[in-house]
Amino acid sequence: MKSIKELFKPGTDDEDSPAGGVRALLARIKRGPVDLLAVDVASTAVKAVRMEKTPEGAVVSDAQILPAVNIEPSTAKATATSESADKEDEEPEVAPMELPKSLVARYVSISVSTDAAVVKLLNIPGNHPDDVAGDVVNHMGLEDTDKYRIGYKIIGEGSTRNETRVLAMAVPDEIIGRACELFPSGQPAPFSVEASGLAAMTAFMHGPAMEHDEGAVGCLDFGARYSYYSMFVDGVLSLIRRFSFGSDILLNRIEEKLGVDRDTAIGVMSDGSFDLSQHIRDTQNQFIKQLTISRDFVERRHNCNVQKIFISGGIVNSRAWISEIESALGTEVGSWNPFESVSFKSEELPERLKGQETRFAAAIGTGLATFEDT
Numbered sequence: 000m001k002s003i004k005e006l007f008k009p010g011t012d013d014e015d016s017p018a019g020g021v022r023a024l025l026a027r028i029k030r031g032p033v034d035l036l037a038v039d040v041a042s043t044a045v046k047a048v049r050m051e052k053t054p055e056g057a058v059v060s061d062a063q064i065l066p067a068v069n070i071e072p073s074t075a076k077a078t079a080t081s082e083s084a085d086k087e088d089e090e091p092e093v094a095p096m097e098l099p100k101s102l103v104a105r106y107v108s109i110s111v112s113t114d115a116a117v118v119k120l121l122n123i124p125g126n127h128p129d130d131v132a133g134d135v136v137n138h139m140g141l142e143d144t145d146k147y148r149i150g151y152k153i154i155g156e157g158s159t160r161n162e163t164r165v166l167a168m169a170v171p172d173e174i175i176g177r178a179c180e181l182f183p184s185g186q187p188a189p190f191s192v193e194a195s196g197l198a199a200m201t202a203f204m205h206g207p208a209m210e211h212d213e214g215a216v217g218c219l220d221f222g223a224r225y226s227y228y229s230m231f232v233d234g235v236l237s238l239i240r241r242f243s244f245g246s247d248i249l250l251n252r253i254e255e256k257l258g259v260d261r262d263t264a265i266g267v268m269s270d271g272s273f274d275l276s277q278h279i280r281d282t283q284n285q286f287i288k289q290l291t292i293s294r295d296f297v298e299r300r301h302n303c304n305v306q307k308i309f310i311s312g313g314i315v316n317s318r319a320w321i322s323e324i325e326s327a328l329g330t331e332v333g334s335w336n337p338f339e340s341v342s343f344k345s346e347e348l349p350e351r352l353k354g355q356e357t358r359f360a361a362a363i364g365t366g367l368a369t370f371e372d373t
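96 is the number that numbering that gives the first Met the number 0 gives to position 97 of the sequence shown; each next residue is one higher, with no gaps.
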């Protein structure tokens, strides 16, 4: 299964909106990009990877962690002056990203971390080997489909031979437009937009999922505000869920209980200088319960045992956190290195990135998805 790349507008080919320019661009380009900047826009930082498509595979020339940018729309109302008290504030513009020269490629593919993304694994009645666009729109459960861009990939048969299993994603048109505003002109030009959780899953499919194409494994991409949990059986996606639980909850707890600031809390999580087991346990009981339910469901449905759960995200540097999940699930849990799916022009990972590898899962997955779909 290839990852979702192109998003379509339900019921229209309108190009008037900012996001419509992405589809128009895709239609005009006869050949996919070979020089690409892949960025993961998250609330904590922007992870950026410049990649080149070669006959031997993807080659990385540079990778950097850049300051965070906010593309989430504001819902604040204007109340400061009588002149504006009766209307909404205009939405603040997104400032263009300032890139070091080494990251400036011809095109950019973007993954976004947003609460507004909708991701579902659908079983659509009937055998649809080619096109299920209309069925996907109807099964997404969106209140107003005209406000979303929707993408999907057909995986194969559903639970019965008379079903088609489809991985579908919907992202608000406004979010895609604001993501594109990060690169308003010149190079790099926006090429595609997708959800960060699915992009990380793409990187996983090029790594551990390929190495464990027999049996069952899980992938947990742990972000700041929420997490994506996907499970594969014999190399095929069997389950995907998104949880409103991320590292911010754990770090807030440590700040409160230890009376420290955010940077210190991050350090405490990483270096293991304090016993955090009780704090971790108290904050993630429900999260662990849901992970367990998901794992048990897959094991019962496919009559298998999950061999290992692979974790990505900045928090994986915390051995205490991984140990708590491993103990609660009774399943081996470990991190993985998304850079192992690509090669470096310098032949090895730069020293400044060591220890930060798993944070780049979504950025690398975004680039790999672009290359494989073009």
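Virtual Cβ for every residue (Gly too), placed ideally from N, Cα, C.
Keep in mind the model is a prediction, meaning the values are calculated, not measured.
- Beta-bridge partners of Cys179 (DSSP): none assigned.
- In the structure shown, Gln306 adopts extended strand secondary structure according to DSSP, grouped into three states.
- The Cβ atoms of Ile109 and Val48 do not sit closer than 9 Å to each other.
- Under the three-state reduction of DSSP, Glu356 is assigned to helix.
- Beta-bridge pairing by DSSP links Val118 to Met168.
- For Ala47, the three-state secondary structure derived from DSSP is strand.
- Taking a cut-off of 8 Å for Cβ pairs, the region 256 to 266 and the region 321 to 329 do not touch, as fewer than three such pairs fall below it.
- Here the alpha carbon of Gly214 sits roughly 43 Å from the alpha carbon of Glu180.
- The count of Cβ pairs closer than 8 Å, one atom from the region 141 to 153 and one from the region 221 to 230, stays below three, leaving the stretches out of contact.
- Here Met209 carries a helix assignment [DSSP, helix/strand/coil].
- Pro171 sits away from Leu98, with the two beta carbons spaced by 9 Å or more.
- Per the coordinates, the alpha-carbon of Arg148 lies some 34 Å from the alpha-carbon of Thr282.
- In this chain, the alpha helix (DSSP H) harbouring Leu250 covers 246 to 257.
- In this structure Val117 touches Met139 by the C-beta definition: roughly 6 Å separates them, less than 8 Å.
- Rounded to whole angstroms, Val136 and Ala44 show a C-alpha spacing of 32 Å.
- For Met230, DSSP records a beta bridge to Gly217, Leu238.
- The shortest C-alpha to C-alpha distance from Ser243 to any of Ser342, Val33, Lys100, Thr113 is the one to Thr113.
- DSSP places Gln283 in the helix class (H, G or I) of the three-state scheme.
- At the C-beta level, Ala361 and Ser195 come within 9 Å of one another.
- Taking the Cα of Lys46 as reference, the smallest distance to any Cα among Gly150, Glu92, Val111, Ser342 is reached at Val111.
- Under the criterion of beta carbons closer than 8 Å, Met96 and Phe182 qualify as touching, at roughly 7 Å.
- Excluding its 5 nearest sequence neighbours in each direction, Lys52 has C-beta neighbours in its own chain below 6 Å: Val33, Phe370, listed in chain order.
- Exposed is the label assigned to Ser276, since fewer than 16 other Cβ atoms lie within 10 Å of its Cβ.
- The alpha-carbon separation between Ile287 and Val332 amounts to approximately 13 Å.
- In this structure, Lys119 lies away from Ala67, with their beta-carbon atoms at least 9 Å apart.
- With a 10 Å radius around the Cβ and a threshold of 16 neighbouring Cβ atoms, Ala94 comes out exposed.
- Within the same chain, Cβ atoms closer than 7 Å to the Cβ of His278 are found at Arg252, Ile253, Lys256, the five residues on either side in sequence being excluded.
- With fewer than 16 other Cβ atoms from the protein chains shown falling within 10 Å of its own Cβ, Ser73 counts as exposed.
- Nearest neighbour of Lys152 by Cα position, chosen from Arg177, Phe273, Ile123, Leu102, turns out to be Ile123.
- Under the three-state reduction of DSSP, Ile64 is assigned to strand.
- In this structure Ile292 is exposed. Its beta-carbon is surrounded by fewer than 16 other beta-carbon atoms within 10 angstroms.
- Out of Leu367, Ala368, Arg358, Gly185, the CA that lies nearest to the CA of Gln63 is found in Arg358.
- Counting along the chain, the unbroken beta strand (DSSP E) around Ala194 starts and ends at 188 to 194.
- Secondary structure at Ile123: strand, using DSSP grouped into helix, strand and coil.
- Secondary structure at Gly133: helix, using DSSP grouped into helix, strand and coil.
- Rounded to whole angstroms, the gap between the alpha carbons of Thr330 and Lys100 is 44 Å.
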